[in-house]
Amino acid sequence: MTSDVSDARLAAALAERAGALLLDVREHSGLTGRDLGKRGDADANALLLQELAAARPEDAVLSEESADSPTRLTANRVWIIDPLDGTREFSMPGRDDWAVHVALWEQEGGITAAAVAEPGRGVVHASDTARVAPSARDGLRFLVSATRPPAWAEPVAEQLGADLAPMGSAGAKAMAVLRGDADAYLHDGGQWEWDSAAPVGVAVAAGLHASRIDGRPLLYNRPHPYLPDLLICRADLAEELLEAIAAAR
Numbered sequence: 306m307t308s309d310v311s312d313a314r315l316a317a318a319l320a321e322r323a324g325a326l327l328l329d330v331r332e333h334s335g336l337t338g339r340d341l342g343k344r345g346d347a348d349a350n351a352l353l354l355q356e357l358a359a360a361r362p363e364d365a366v367l368s369e370e371s372a373d374s375p376t377r378l379t380a381n382r383v384w385i386i387d388p389l390d391g392t393r394e395f396s397m398p399g400r401d402d403w404a405v406h407v408a409l410w411e412q413e414g415g416i417t418a419a420a421v422a423e424p425g426r427g428v429v430h431a432s433d434t435a436r437v438a439p440s441a442r443d444g445l446r447f448l449v450s451a452t453r454p455p456a457w458a459e460p461v462a463e464q465l466g467a468d469l470a471p472m473g474s475a476g477a478k479a480m481a482v483l484r485g486d487a488d489a490y491l492h493d494g495g496q497w498e499w500d501s502a503a504p505v506g507v508a509v510a511a512g513l514h515a516s517r518i519d520g521r522p523l524l525y526n527r528p529h530p531y532l533p534d535l536l537i538c539r540a541d542l543a544e545e546l547l548e549a550i551a552a553a554r
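Numbers 306 to 554, taken from our numbering, label the letters of the sequence shown in order.
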């Protein structure tokens, strides 16, 4: 990977390459279940770390699959990556709701470049090209975790007349909102920075709303890289959704 490409193009290229590697592991490794997930996590992480070290050797990295280093806290540029978001779904035959996240955080500007690859769908969404697609559906659709839906999600959906639907990885849910397959992604109960940095970077660049569920901004490269909750939605729904969430919590 050359060092003269833009950060957004680098993020997109790396997410695409890691996604291709994951598809190959899924098809040819002969592994299943947790062993397949572990192999995918490790191989995609190794590829991303190697390519980032070659293309951006001065930058720090925060990865789900690597030991955290306090040096990132004084770095001007930190790549926040999730080599395989949705390991559970990746390990299940036929599932495509998993993703690769690559985001760049900078001291001045926060998340400034990002890409989310959905290898099972053959798509890479990048912050320099992503656009919000109009909804082709009648009625609202809100996405939640398949395993940990917020307790307040059902009353919020009822108040706004929306359907609730479960889906796998955070990246898959966020990109479903981007392409118009859903109107919002509601999350509570905890995430790590790598779960949302790239999806938020792409979503905001495309024109979606992204915040904490109380409206506060999402902050990254913190000493403890944990974010309890998240709202990604169409911009025109943000105020109404935030009010409904506040009333239901």
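For glycine and all other residues, C-beta sits at the position ideal for the given N, C-alpha and C.
Who are residue i's beta bridge partners in DSSP?
| i | result |
| --- | --- |
| residue 516 | 536 |
| residue 490 | 448, 537 |
| residue 496 | 532 |
For residue i, count the other beta carbons within 10 Å of its own beta carbon; 16 or more makes it buried, fewer makes it exposed. Which is it?
| i | result |
| --- | --- |
| residue 443 | exposed |
| residue 381 | exposed |
| residue 531 | exposed |
| residue 345 | buried |
| residue 388 | buried |
Would you say residue i and residue j are within 8 Å of each other, going by their C-beta atoms?
| i | j | result |
| --- | --- | --- |
| residue 390 | residue 476 | yes |
| residue 506 | residue 418 | yes |
| residue 421 | residue 404 | yes |
| residue 536 | residue 501 | no |
| residue 429 | residue 321 | yes |
Alpha carbon to alpha carbon, how far is residue i from residue j?
| i | j | result |
| --- | --- | --- |
| residue 326 | residue 311 | 23 Å |
| residue 498 | residue 553 | 25 Å |
| residue 480 | residue 375 | 31 Å |
| residue 396 | residue 471 | 18 Å |
| residue 459 | residue 551 | 13 Å |
| residue 408 | residue 519 | 24 Å |
| residue 446 | residue 455 | 15 Å |
| residue 483 | residue 362 | 32 Å |
| residue 525 | residue 515 | 13 Å |
| residue 464 | residue 478 | 21 Å |
| residue 356 | residue 378 | 22 Å |
| residue 392 | residue 533 | 20 Å |
Please look up how many angstroms separate the CB atoms of residue i and residue j, rounded, as I've assumed it's under 8 Å.
| i | j | result |
| --- | --- | --- |
| residue 426 | residue 401 | 5 Å |
| residue 486 | residue 467 | Actually they do not touch by this definition, with Cβ atoms about 13 Å apart. |
Under a CB-based cut-off of 8 Å, is residue i close to chain C?
| i | result |
| --- | --- |
| residue 509 | No chain C is part of this structure, which consists of one protein chain only. |
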